[in-house]
Amino acid sequence: MGIFKTSVIDFMTFLLMFFGLIFIANGQWTAAGELEVRKQKLDSITYDRLVRPTETVAVKAALNLLSIDSLDTKSMTLTMTGWLTVDWTDSRLAWTVDGTLTADYFYALDTEIWKPELFIDNSKQDVKILNDAYLQFKVEKTGVVEWELPLIFQTHCEVDVTFYPFDKQSCSIELTSWAYTKEDLTLEALYEVIKTEDLQENGEWAVTGSEVKAKDLTETKASGSVKTYPVLEFVITLRRKPPYYVPGVILPVLLVAFLQILVFVLPVDSGEKIGFSITVLLALAVLLTLVTDSMPASAVHISYLSVYLAMTLVLGVFCVFATVLVIRINFRDDAVPVPKWVYKLIRGCCVPISCWRGCCKNSVSTKKVDDSISVSYDNNDDLLCWKDVSAVLDWFFFVLLLVLTTLLTLTFTLVLLIGGYT
């Protein structure tokens, strides 16, 4: 019985050793195995990190976003957080897993292996070679090297505020080779789009699309020779979220635009017409200043909102002039008769357009201005004193400005909505 148990134990031990050898032969990781791989592959005699792996190295890259921190439209600066994934094949680092080299991969530092010299050429931070002395490279047994570099990207973005605040922006991060030309190194996209699986939602901007494009950067030397460098452009499309701007920007602008028209409804005798008109005009000027200050100083793209505010400001200035005119006419001496050309202008233009007191009334009347002067008119006898003229002008300006402001506002709203969402 004891002999049988001993035989079973010996057989099981043999099986464990047999399968253990199989696991080791198939790449079972051990610290000693990885150390042996590093010793063989990073031997300074057989490997030089300053020598590129092949005549033309194919480098593939991808951009992974974590967050969109801000898009400063005034300074045209986009700030994002994410990481670059870059990989290439270095056949000198490949090995076959066997009983000694038991690791499928190992990690190396920037100072130990060759890497492409890359930089962000539209960066608004320090324009320098991308590197990190403490970041590890993962080297696969096939010779594929994977480099994942976390960064805060701060790049230039050409901002188009034409349809602000319903605008969308197209910004990019341009990854470029520094030392190696296109004959030495090529840049290819790992994916056709920017990876956004881990992207956190931004309160102001929504990502609507992205793409990755390969292009070239040419440089002409003093000798006349032309060098071409590969560029990989990661383009991201952002759309502004308008719910914050509608009550905070658009609504105050529209309300103040219509508020200035009410100056023609105030009675002249109240003494508040000029004060009201000037106050609304100043409010429009302040709104125009605030909106302009938040936009880039550029003559290429002009915001329709700024144009609308500027035109509304012009109408506000017209309201001030019209109010002064109405007040002066209202306080003219009634002993001075209303000239016939003024009456014809009022009767033929202002009354029909503004539909004053039911529009046109046909009547013939004569009224004494004083004991010695009698003036005869062909129509309405309500327009024989200066107060009546000022009242008609008040109503005429009210109707005229109401129509103009409404048409201007509707046009502005349609242009913003159609242009911003197409």
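The sequence shown begins at 1396 in my numbering and counts up by one.
All residues carry an ideal CB built from backbone N, CA and C; glycine is no exception.
Rounded to whole angstroms, the separation of the alpha carbons of Leu1809 and Val1721 is 34 Å. Looking only at Gly1666, Val1712, Ser1785 and Glu1543, the smallest Cα-Cα distance to Asn1459 is reached by Glu1543. Note that the C-beta distance between Arg1487 and Pro1545 is not below 9 Å. Nearest C-alpha to Thr1537 among Tyr1738, Asp1485, Leu1496 and Phe1807: Asp1485. Under the DSSP definition of a beta bridge, Cys1566 partners with Ile1631.
Ranked by Cα distance from Trp1490, the options Leu1570, Arg1635 and Phe1501 are led by Phe1501. With 16 or more other Cβ atoms inside 10 Å of its own Cβ, Ser1785 counts as buried.
An exposed status is given to Gly1666, since fewer than 16 other beta-carbon atoms sit within 10 Å of its beta-carbon. In this structure, Glu1599 sits near Lys1636, with a CB-CB distance shorter than 9 Å.
Its chain contains Leu1778, Val1784, Val1787 and Leu1788 as the residues whose beta carbon lies nearer than 8 Å to that of Ile1741, once the 5 sequence neighbours on both sides are disregarded; these appear in chain order.
Put simply, the region 1730 to 1741 does not touch the region 1699 to 1716. Fewer than three CB pairs are less than 8 Å apart. Secondary structure in the region 1570 to 1645: no alpha helix (DSSP H) run of 4 residues or longer lies completely within the stretch. Two segments are said to touch when three or more pairs of C-beta atoms, one from each, lie closer than 8 Å; by this definition the region 1426 to 1443 does not touch the region 1518 to 1533. Residue pairing from DSSP places Glu1543 in a beta bridge opposite Thr1480.
Residue range Tyr1699 to Asn1725 is occupied by the alpha helix (DSSP H) that includes Val1712, with no beta strand (DSSP E) assigned at that position. Straight-line spacing of the CA atoms in Leu1657 and Val1719 works out to 15 Å. Contact between the region 1460 to 1475 and the region 1584 to 1599 is established, with three or more Cβ pairs separated by less than 8 Å.
Pairing Leu1796 with Phe1671 gives a Cβ-Cβ distance that is not under 9 Å.
In the three-state reduction of the DSSP assignment, Ala1456 falls in the strand class, which pools E and B.
Look at Ile1463 here: in three-state DSSP terms it is strand. In the structure shown, Leu1685 falls within a helical segment according to DSSP collapsed to helix, strand and coil.
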